[in-house]
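So the sequence lines, in the order shown, correspond to chains E and W.
Just so we're aligned, residue 87 is where the first sequence starts under this note's numbering, counting upward by one.
Just so we're aligned, residue 84 is where the second sequence starts under this note's numbering, counting upward by one.
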Amino acid sequence: MRQLRLHKSFAYMNQIVEVINLKKVFGENTAVTDASFTVKEGICFGLLGPNGAGKTTTMEIMEDIIAPTSGKILYQGQPRGASFREEIGIQFQHTSLLNFLSVEETLFSFHKLYQQPEDLDYLIQLCDLNPILKQRNNQLSGGQLQRLMLALALINRPRLVFLDEPSTGLDPQSRRNLWDIVRTIKAEGKTIIMTTHSMEEAEYLCDEVAIMDMGRIIAWDTPARLIQTHCQGSSILLPESAFKMSLDDLPFTWKHRDKTIVLKTAQVQEGLTKLLSLDIDLTEMTIHSPNLEDVFLYLTGKGLRD
Amino acid sequence: MNFKRMWAMFTARNHEFFRDRAAFGWNFLFPFLIIIGFGLIFGGKEHQQFKIGVWSATAQVDFSKSTVPLSFQQGKYLQFIAFSSQAEGEQKLQHLKIDLLLDTQSPEHRYWINDSSPQGYVAEQIFLASLQDKSTRLADKQVIKGVQIRYIDWLFPGILGMNMMFSALWGVGYVVVQYRKNGTLKRLKATPLTPMEYLSAQMLSRIFLIMFTIIVVWIGSNLIFHFQVHGSYGVLALIFFLGGLSLSSMGLVLAARGTSEEFTSGILNFISWPMMFLSGVWFSLEGSPAWIQAVAKIFPLTHMLTGARKIMNDGATLADVQSECLILIAITLICLTIAARIFSWNE
């Protein structure tokens with residue numbers, strides 16, 4: 087059994103994928119418009135957005151599964167060549183496998199499709215497929231199928247891995263397991279481009295994220311910088327009953343949320359000091375630091391999407 | 084063309100087919116049932132072609148006081164059906180349920196026919212001939228010598244061919260469309276596999292399954308009917324192999340772009356039914372209009388069955404069926420090239 091291969095020398099500076107002025111039109115519906123961004127080699131890049139934002143379309147154009155209406159994709163600075171499919175791994179959001187094949191046979195079949203495939207024992211261990219090797223594909227649970235799909239995405243030692251909503255429908259244990267695998271393959275130096283609806287997942291895994299809405303890229307940066315840019319300060323939440331003074335005298339910007347008072351502060355420490363000086367009971371206090379979900383909702387709004 | 088990738092797809096498809104027990108079983112059962120059925124219907128020595136209605140009070144065929152000549156009563160290929168009344172017999176004749184209606188008691192040999200029935204016309208001529216004195220007949224009867232070909236011997240290649248056609252068109256055409264619809268093809272598109280490799284693997288897998296099916300069905304049916312093969316089994320296998328390839332490649336063209344199972348099903352029916360009737364599965368097109376015979380030559384099944392019957396029934400050699408072989412190879416190459424050109428992995 088091979089040990090995990092760790093490549094500490096991967097260069098963060100090289101761009102592995104460049105998306106330039108991408109546009110995709112389906113009939114009268116424009117799915118993606120003027121999307122441009124770059125992905126550096128060795129990072130985990132997240133493509134976020136509400137339903138119908140154009141994430142999967144953008145992903146599939148990058149994967150060379152569908153053709154763009156206009157714009158171009160560069161892989162390592164060049165148009166994608168014949169070797170592109172040997173160097174990428176894809177886990178689709180919606181796909182299927184031959185029903186009556188076992189997990190083991192499916193792995194063998196895909197293994198034979200590549201020139202330099204991954205060691206199967208390593209993949210089976212990495213994706214925890216040993217207990218289900220003899221099971222047929224149509225007998226797998228959602229989590230087991232996702233693990234198999236991930237193994238197939240990694241079967242050719244890809245340099246670039248696309249994961250389209252990899253954790254959708256998984257229970258918390260399976261999701262955590264998936265995250266561990268993603269971190270492991272990232273530590274091996276692979277570049278990962280993923281779409282997700284889970285802001286927790288994006289914040290946990292992604293070095294950079296691009297937020298899409300209505301087919302456009304509306305923000306693109308590291309999660310920390312996006313939070314810093316779009317959601318400054320923290321919130322201190324206290325029950326109304328904690329205040330024995332008039333709220334108008336508070337030295338904070340504040341608002342009511344049910345029977346809770348939400349105080350905005352640039353610095354949590356400074357805010358707490360002020361509250362203590364006002365002799366306010368902090369027993370039931372909650373502090374909320376802004377996260378990627380706040381940024382996402384701030385940028386894309388709270389309205390429902392299809 | 085990468086043969087390792089093609090082999091991977093070939094074995095995967097074979098595993099899939101052999102494990103789908105319903106589809107697997109039906110592929111053997113269907114031709115076997117048809118052969119048994121037709122063997123029972125046409126395999127017997129009594130092949131009653133014409134239905135002659137008679138009436139009597141007991142609604143049973145009774146020639147005891149009949150004026151019908153004995154030669155007609157005992158005629159070959161005649162089936163007598165009794166009715167309780169003349170009116171009932173006339174109604175059956177009107178609806179073409181019988182070919183001729185006879186009054187068996189009539190001294191004038193009264194009979195009725197339906198003018199729109201070709202069968203009725205022939206039955207009438209047989210009846211009129213039976214009324215003639217044998218000594219006045221002018222024709223000189225001769226009988227064909229040698230081994231006679233039974234209808235089942237003639238029909239058997241047709242039934243095998245029909246099964247091959249359905250297996251190739253539906254097993255390739257319909258299945259590939261299903262794979263496209265459920266995203267199996269999309270997953271394969273993400274690999275270095277090319278359309279030509281994938282389609283060739285599908286075609287070879289299907290021909291492997293078809294040949295396997297033919298061998299099993301042949302052995303099983305031969306135990307019952309003892310088919311006569313006057314030519315070489317090797318050449319016969321070759322013509323079936325080439326026929327299977329051409330039919331499968333036709334299935335690939337249909338599968339190349341389809342995204343709707345319902346639409347594909349309609350197209351498959353649109354092609355398979357005319358092919359079945361015009362390729363000579365059930366009856367020979369000898370004597371049919373020239374344009375129908377010309378249309379029939381479009382279908383690979385026509386050439387396969389012509390070749391197979393020449394080998395089985397006439398003892399033809401490879402040289403005798405080379406034109407059929409070349410046509411089948413040409414159809415295969417043309418269809419495979421078209422399918423690879425227009426093939427789409429995506430829905």
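Just so it is clear, CB atoms sit at the ideal spot from N, CA and C, and this is done for glycine as well.
Fair warning: this is a prediction, and the values are worked out from it, not measured in the lab.
Residue contact with chain W for residue 119 of chain E: absent (no Cβ-Cβ distance below 8 Å to any residue of chain W). The beta carbon of residue 217 of chain E lies closer than 8 Å to none in the same chain, with the five residues before and after it left out. The Cβ-Cβ distance between residue 176 of chain E and residue 273 of chain W falls below 8 Å.
Shown here for residue 158 of chain W: same chain residues with a beta carbon closer than 8 Å to its own, the five before and five after excluded, namely 209 and 213 in chain order. Counting along the chain, residue 164 of chain W sits inside the beta strand (DSSP E) bounded by residues 161-166.
Interface annotation for the region 164-183 of chain E against chain W: 171, 172, 176, 178, 180, 181, 182 and 183, criterion Cβ-Cβ distance under 7 Å.
Assignment of residue 118 of chain E by DSSP, reduced to helix, strand and coil, places it in the strand class.
For residue 278 of chain W, no Cβ of chain E is located within less than 8 Å of the residue's own Cβ. Here residue 109 of chain W is actually not in contact with residue 241 of chain W; their C-beta atoms are around 19 Å apart, not less than 8 Å. Under the DSSP assignment, residue 207 of chain E falls in the alpha helix (DSSP H) whose first and last residues are 206-212. Between residue 297 of chain E and residue 386 of chain E, the beta carbon gap of about 7 Å places them in contact (Cβ cut-off 8 Å).
Under DSSP, residue 130 of chain E forms a beta bridge with E:278. In terms of Cα proximity to residue 124 of chain E, the closest of E:136, E:233, E:189 and E:277 is E:277. Among the bridge pairs identified by DSSP, residue 298 of chain E is matched with E:303. Chain W places a beta carbon closer than 8 Å to that of residue 191 of chain E, counting this residue as a contact. Check the Cα spacing between residue 241 of chain E and each of E:250, E:210 and E:260: the tightest is with E:210. Closest in C-alpha terms to residue 134 of chain W, from the list W:114, W:340 and W:172, comes W:172. Taking 9 Å as the upper bound on Cβ-Cβ separation, chain E lies near no residue of the region 386-412 of chain W.
The beta-carbon of residue 110 of chain E is placed no less than 8 Å from the nearest beta-carbon of chain W.
Taking a cut-off of 8 Å on C-beta distances, the region 264-277 of chain E does not touch the region 291-308 of chain W, as fewer than three cross pairs fall below it. When 7 Å is used as the limit between beta carbons, residue 384 of chain E is near no residue of chain W, the shortest such separation being about 35 Å.
Chain E places a beta carbon closer than 8 Å to that of residue 91 of chain W, counting this residue as a contact.
The beta carbons of residue 324 of chain E and residue 347 of chain E sit closer together than 8 Å.
Within 7 Å of the CB of residue 199 of chain E, the CB atoms of chain W belong to 88, 91, 274, 275 and 276, in sequence order along the chain. Around the C-beta of residue 100 of chain E, fewer than 16 other C-beta atoms lie within 10 Å, and the residue is accordingly described as exposed. For residue 110 of chain E, the enclosing beta strand (DSSP E) stretches over residues 101-112. Annotated as proximal: residue 330 of chain W and residue 247 of chain W, with beta-carbon spacing under 8 Å. Two segments are said to touch when three or more pairs of C-beta atoms, one from each, lie closer than 8 Å; by this definition the region 193-212 of chain E does not touch the region 313-330 of chain E. For the 8 Å CB-CB criterion, residue 303 of chain E and residue 122 of chain E form a contact. In this structure, DSSP gives residue 183 of chain W an extended state, which the three-state scheme calls strand.
A straight line joining the alpha-carbon of residue 151 of chain W with that of residue 141 of chain W spans about 18 Å. In the three-state DSSP reduction, residue 250 of chain E falls in the strand class (E or B). Of E:344, E:226 and E:104, the smallest CA-CA separation from residue 158 of chain E is found for E:104.
By alpha-carbon distance to residue 120 of chain E, the top candidate from E:299, E:198 and E:287 is E:299. With a threshold of 8 Å between beta carbons, residue 99 of chain W makes contact with chain E. Look at residue 102 of chain W: its C-beta is under 8 Å from a C-beta on chain E.
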